[in-house]
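A.B. asks:
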Amino acid sequence: MEYNCTCIDCKQASATWVCDECQELRDKRFKEKKTDTGLKNGDQVVMHTCMEAKNPKYAGKIWTVSSEHEWELCGSMVVMLEGFSGAFASQYLQKLDFTK
Ligand SMILES: [Zn+2]
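What follows is the structure, encoded as structure tokens:
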């Protein structure tokens, strides 16, 4: 299956859901700890790179955050996901907002 991805930040065509430039900005913001994603227990998220989305194991999969909140691990903010072994960098997760 082919995925045509658009950067969720700048809406430009991109091979990933967040283009390199925007990912760099996100990484930078995370490193400076000026922001976090605010993910918390029970939040529903998807992995927002096409690479993971293309993996049949994760394609279109909605994950539920199972840790109380995110925490810092080796310089990145991470969360635990239900059914996923290990922590996952929250900068690569997009929270699903069903109110929109
Ligand atoms: Zn972008």
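Numbering (the working numbering), first residue to last: 438 to 537. The C-beta atom is built at its ideal place from N, Cα and C for all residues, glycine as well. Just so we're clear, the structure is a prediction, and the values are computed from it rather than from any experiment.
I need the straight-line Cα distance from M517 to N478, nearest angstrom please.
C.D. replies: Counting from 1 along the sequence shown, the entry for residue 517 is found at position 80. Counting from 1 along the sequence shown, the entry for residue 478 is found at position 41. Each residue's Cα considered, the two are about 9 Å apart.
A.B. asks: Grouping DSSP H, G and I as helix and E and B as strand, with all else coil, what is E509?
C.D. replies: The count along the sequence shown starts at 1 and reaches residue 509 at position 72. Looking at E509 - three-state DSSP - the assignment turns out to be strand.
A.B. asks: Have a look at D464, R463, H485 and E461 and flag the residue whose alpha-carbon is nearest the alpha-carbon of T443.
C.D. replies: Locating residue 443 in the sequence shown gives position 6, counting from the first residue. Among D464, R463, H485 and E461, the Cα nearest to that of T443 is on H485.
A.B. asks: CA-CA distance, Q449 and E461?
C.D. replies: Reading the sequence shown from its first residue, position 12 is the one you call residue 449. Reading the sequence shown from its first residue, position 24 is the one you call residue 461. Roughly 15 Å between the two C-alpha positions.
A.B. asks: Considering Cα atoms alone, identify which of A524, M514 and D457 is closest to W500.
C.D. replies: As a first step, residue 500 is located in the sequence shown; it is residue number 63 there, counting from the start. Selected option, being the one with the closest Cα: A524.
A.B. asks: List in chain order the residues whose CB is within less than 5 Å of at least one heavy atom of ligand 1.
C.D. replies: Every residue passing the under-5 Å Cβ criterion appears here: C444, D446, C447, C456 and C459.
A.B. asks: If you measure between the beta carbons of E505 and S527, is that distance less than 8 Å?
C.D. replies: In the sequence shown, counting from the first residue as 1, residue 505 sits at position 68. In the sequence shown, counting from the first residue as 1, residue 527 sits at position 90. Contact: no.
A.B. asks: Looking at the secondary structure, which residues open and close the beta strand (DSSP E) in which L530 lies?
C.D. replies: Residue mapping note: residue 530 aligns to position 93 of the sequence shown, counting from 1. That run of the beta strand (DSSP E) goes L530 to K532.
A.B. asks: Quick check: V482 and V502, are their CB atoms within less than 8 Å of each other?
C.D. replies: Reading the sequence shown from its first residue, position 45 is the one you call residue 482. Reading the sequence shown from its first residue, position 65 is the one you call residue 502. Result yes, Cβ atoms of V482 and V502 sit closer than 8 Å.
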